[in-house]
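The block underneath contains the structure these notes are about, expressed in structure tokens.
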Amino acid sequence: MQALLDQLDALLANNSIFTLQTLSFYGDGLVTTVQLVFMSLIIGLILAIPLAIGRSSKNGLIKWPIFLYTYVFRGTPLLVQLYLIYYGVVFVEGIQESWLWPVVKDPFVPALVAFTLNTAAYTTEIFRGAIKATPKGEIEAARAYGMSPALTLRRIVLPSAFRRALPAYGNEVIFMLHASAIASVVTLMDLTGAARFVYARFYAPFDAFLFVAAIYLCLTFSILYLFRFLEKRLLAHLQPMT
Amino acid sequence: MKKLLTLSLLGLAVAATSAQARDDDQIRIAVDVPYEPMEFRTPDGELTGFDIDLGNAMCAEMKVECEWVVQGWDGIIPGLMARKYDAIMSSMTINDRRRDKVLFSEPYFTPPSAWFAPSTSDLDDATEDSLDGMTIGVQRGTLQDNYVTDMYGNVADVNRYSTADDMVLDMESERLDIVFLDYPVGQSTLLESENRDYKVVGEMLTEPKKYFGDGFGMGFRKRDQDLADKFNQALKTLKDNGTYDDIEARYFDKP
Numbered sequence: 003m004q005a006l007l008d009q010l011d012a013l014l015a016n017n018s019i020f021t022l023q024t025l026s027f028y029g030d031g032l033v034t035t036v037q038l039v040f041m042s043l044i045i046g047l048i049l050a051i052p053l054a055i056g057r058s059s060k061n062g063l064i065k066w067p068i069f070l071y072t073y074v075f076r077g078t079p080l081l082v083q084l085y086l087i088y089y090g091v092v093f094v095e096g097i098q099e100s101w102l103w104p105v106v107k108d109p110f111v112p113a114l115v116a117f118t119l120n121t122a123a124y125t126t127e128i129f130r131g132a133i134k135a136t137p138k139g140e141i142e143a144a145r146a147y148g149m150s151p152a153l154t155l156r157r158i159v160l161p162s163a164f165r166r167a168l169p170a171y172g173n174e175v176i177f178m179l180h181a182s183a184i185a186s187v188v189t190l191m192d193l194t195g196a197a198r199f200v201y202a203r204f205y206a207p208f209d210a211f212l213f214v215a216a217i218y219l220c221l222t223f224s225i226l227y228l229f230r231f232l233e234k235r236l237l238a239h240l241q242p243m244t
Numbered sequence: 045m046k047k048l049l050t051l052s053l054l055g056l057a058v059a060a061t062s063a064q065a066r067d068d069d070q071i072r073i074a075v076d077v078p079y080e081p082m083e084f085r086t087p088d089g090e091l092t093g094f095d096i097d098l099g100n101a102m103c104a105e106m107k108v109e110c111e112w113v114v115q116g117w118d119g120i121i122p123g124l125m126a127r128k129y130d131a132i133m134s135s136m137t138i139n140d141r142r143r144d145k146v147l148f149s150e151p152y153f154t155p156p157s158a159w160f161a162p163s164t165s166d167l168d169d170a171t172e173d174s175l176d177g178m179t180i181g182v183q184r185g186t187l188q189d190n191y192v193t194d195m196y197g198n199v200a201d202v203n204r205y206s207t208a209d210d211m212v213l214d215m216e217s218e219r220l221d222i223v224f225l226d227y228p229v230g231q232s233t234l235l236e237s238e239n240r241d242y243k244v245v246g247e248m249l250t251e252p253k254k255y256f257g258d259g260f261g262m263g264f265r266k267r268d269q270d271l272a273d274k275f276n277q278a279l280k281t282l283k284d285n286g287t288y289d290d291i292e293a294r295y296f297d298k299p
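Sequence order for the protein chains is A and B.
Oh and the first sequence: position 162 is 164 in the numbering used here, straight run, nothing missing.
Oh and the second sequence: position 99 is 143 in the numbering used here, straight run, nothing missing.
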């Protein structure tokens, strides 16, 4: 490990910007970005499934509040939501004395909350569309077999809806990764935060941002590859025979 | 006859310009106003400020008469080259790009940076030990950011903000334990804040130069080394006899 570091140090000796210090900033930024994006995606996904089912319900008391939530979070910029949650939470009376303060004092949790609520709203609408697009015949067939509505949902509607939602959800994952670039406005040192730091320190916009763009591209390609693999597996029945 | 007239006129002109150039009794100094509290006008139109008072004190020390010339900032170096005045004293930061054109005096003022914390805070000194585990706020890309990152980046969390306003908001909500700012900025945003009480922690910093820069200098034409030396000498005398501190106290309230 030490030999590797020495080698890297020697390689970097000839430039003034990409020193071990700035590379470690980028490294920490990568960890923060990946943590933030994937935690918010996973929590958002877990929230979105029941919300999408509720959103497709015929009961107005369930349907409309969920619609209001997705409408608000899809209708306002993520940056505004992030500002509201990060700077707004401190105006809650007595928050500094409560047990919540150590949690929301750090920028990570407010950012995670904002990103989760945002992606959950989009994912809910993606799933709702997929649920709505279930062919009527499949549901009627399930009813004819004597399945209860809950069983129909579990065995017929949701599995095929997930498959249909997959390409659109893949886009949402990539959008989320790119949207996470705004996390640095609330002092979180994510990838973009590291790039802004290097830019401000060395007045080198091209070096700082091209480097970080390359990292984002690598991340995006791995996500694309993962989803292409999943689509090949799960949507195999839709592929033309070769 | 005509030739003689031209010649004598030319001679007169040469004599006039050389007399002007040699005339050290009257030195014209350019200043761009307003830039409070360094240079500005009082309500009745008189020039005042730290630069003006210090400049006048130096001239008095040198026993020369000085005249202030108000000049817009973007033309202030070209005007010096064109001999519209003999010196610039207008909060000009010494840097290498300007050094190509201008001969600078010794720095006569460096805007200090200072640590600010809530007055209830236990911190009374900013050292590696006392800042261990603290959250420090700085403005991104400022000299304070560079200083804090290099000195305390390993022991403390450094939160970087795009604007001083965001930082003050997080200071008021207790997200930050301490911030490091230009003293005048901290004075107007934190010390004069009505929401909470703040204090200055430890010493104000202007050293090392690697981080805090060379400060403000007077600018001269490159050939006027003599004049620059005289001002440097006068500045040194004023610093030694306490006049400099008096003037500084007039415009900057030290804690």
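Just so it is clear, CB atoms sit at the ideal spot from N, CA and C, and this is done for glycine as well.
Chain-order list of residues whose beta-carbon lies under 6 Å from that of residue i (same chain, five-residue window excluded)
{"i": "T72 of chain A", "result": "A123, T126 and E127"}
{"i": "A25 of chain B", "result": "The structure shown does not extend to residue 25 of chain B, since chain B spans only 45 to 299, so no value can be given for it."}
{"i": "P207 of chain A", "result": "Y201"}
{"i": "A63 of chain B", "result": "Reliability of the predicted coordinates at A63 of chain B is poor, the pLDDT of 44 falling under 50, and the value obtained from them is presented with this limitation in mind. Excluding sequence neighbours, A63 of chain B sits near nothing in its chain."}
Contacts that residue i makes with chain A (C-beta to C-beta distance below 7 Å)
{"i": "N190 of chain B", "result": "R203"}
Cβ pair residue i, residue j closer than 9 Å
{"i": "G257 of chain B", "j": "I121 of chain B", "result": "no"}
{"i": "M262 of chain B", "j": "A158 of chain B", "result": "no"}
{"i": "F213 of chain A", "j": "A197 of chain A", "result": "yes"}
{"i": "V75 of chain B", "j": "D95 of chain B", "result": "yes"}
{"i": "A126 of chain B", "j": "I73 of chain B", "result": "no"}
{"i": "L6 of chain A", "j": "F117 of chain A", "result": "no"}
{"i": "Y218 of chain A", "j": "L237 of chain A", "result": "no"}
{"i": "F153 of chain B", "j": "L98 of chain B", "result": "yes"}
{"i": "Q275 of chain B", "j": "M102 of chain B", "result": "Just to set this straight, residue 275 of chain B is Phe in the shown sequence, not Gln. Yes, Cβ-Cβ distance for F275 of chain B and M102 of chain B is below 9 Å."}
{"i": "Y79 of chain B", "j": "S135 of chain B", "result": "yes"}
{"i": "S217 of chain B", "j": "V92 of chain A", "result": "yes"}
{"i": "L25 of chain A", "j": "Q83 of chain A", "result": "no"}
{"i": "I68 of chain A", "j": "R57 of chain A", "result": "yes"}
{"i": "V212 of chain B", "j": "D176 of chain B", "result": "no"}
{"i": "S182 of chain A", "j": "T21 of chain A", "result": "no"}
{"i": "P79 of chain A", "j": "A185 of chain A", "result": "no"}
{"i": "P162 of chain B", "j": "T250 of chain B", "result": "no"}
{"i": "L153 of chain A", "j": "A146 of chain A", "result": "no"}
Partner residues on chain B for residue i, Cβ-Cβ distance less than 7 Å
{"i": "T189 of chain A", "result": "N203, R204 and Y205"}
{"i": "K107 of chain A", "result": "R219"}
{"i": "Q83 of chain A", "result": "Ordered by position in chain B, no residue passes the 7 Å Cβ test against Q83 of chain A, which lies about 16 Å from the chain."}
{"i": "Q37 of chain A", "result": "Result: empty, since nearest Cβ-Cβ is about 17 Å, beyond 7 Å."}
{"i": "Q98 of chain A", "result": "E218"}
Residues bridged to residue i (per DSSP)
{"i": "G181 of chain B", "result": "B:N203 and B:V223"}
{"i": "E80 of chain B", "result": "DSSP, once it has assigned bridges, lists no residue as partnering E80 of chain B."}
{"i": "Q70 of chain B", "result": "B:E109"}
{"i": "L249 of chain B", "result": "B:S157"}
{"i": "R240 of chain B", "result": "According to DSSP, which records beta bridges pairwise, R240 of chain B is partnered with nothing at all."}
{"i": "R85 of chain B", "result": "B:L91"}
{"i": "F264 of chain B", "result": "B:A131 and B:L147"}
{"i": "V114 of chain B", "result": "B:V75"}
Contact list for residue i against chain A, beta-carbon separation under 8 Å
{"i": "R184 of chain B", "result": "R198, F199 and A202"}
Own chain residues within Cβ distance below 8 Å of residue i, not counting five before or after
{"i": "F211 of chain A", "result": "A197 and Y201"}
{"i": "A208 of chain B", "result": "Q183, L225, V229 and T233"}
{"i": "G119 of chain B", "result": "none"}
{"i": "P169 of chain A", "result": "F229 and E233"}
{"i": "Y205 of chain B", "result": "G181, V182, Q183, R184, M211 and D214"}
{"i": "W117 of chain B", "result": "D76 and S134"}
{"i": "E109 of chain B", "result": "D69, Q70, I71 and C103"}
{"i": "S18 of chain A", "result": "F204"}
Integer Cβ distance of residue i from residue j, believed to fall under 8 Å
{"i": "T189 of chain A", "j": "N203 of chain B", "result": "4 Å"}
{"i": "R219 of chain B", "j": "T164 of chain B", "result": "Going by Cβ atoms, the distance from R219 of chain B to T164 of chain B rounds to 15 Å, so no, they are not a contact pair."}
{"i": "L86 of chain A", "j": "M178 of chain A", "result": "L86 of chain A to M178 of chain A, Cβ: 19 Å. No contact."}
{"i": "L279 of chain B", "j": "E150 of chain B", "result": "6 Å"}
{"i": "F164 of chain A", "j": "A50 of chain A", "result": "Not really, about 11 Å apart at Cβ, beyond 8 Å."}
{"i": "N190 of chain B", "j": "R203 of chain A", "result": "6 Å"}
{"i": "V159 of chain A", "j": "I141 of chain A", "result": "7 Å"}
{"i": "I97 of chain A", "j": "I176 of chain A", "result": "Going by Cβ atoms, the distance from I97 of chain A to I176 of chain A rounds to 35 Å, so no, they are not a contact pair."}
{"i": "D30 of chain A", "j": "M243 of chain A", "result": "So it is not a contact: roughly 49 Å between Cβ atoms."}
{"i": "R157 of chain A", "j": "A135 of chain A", "result": "At roughly 17 Å, the Cβ-Cβ gap does not stay under 8 Å, so R157 of chain A and A135 of chain A are not in contact."}
Contacts of residue i in chain B (Cβ-Cβ under 9 Å)
{"i": "V92 of chain A", "result": "L213, D214, E216, S217, E218 and R219"}
{"i": "Y89 of chain A", "result": "D210, L213, D214 and S217"}
7 Å Cβ shell around residue i - same chain, five flanking residues per side excluded
{"i": "M106 of chain B", "result": "K274 and A278"}
{"i": "A54 of chain A", "result": "T126, F129, R130 and I133"}
{"i": "A272 of chain B", "result": "L147, S149 and F264"}
{"i": "Q241 of chain A", "result": "none"}
{"i": "L221 of chain A", "result": "L179"}
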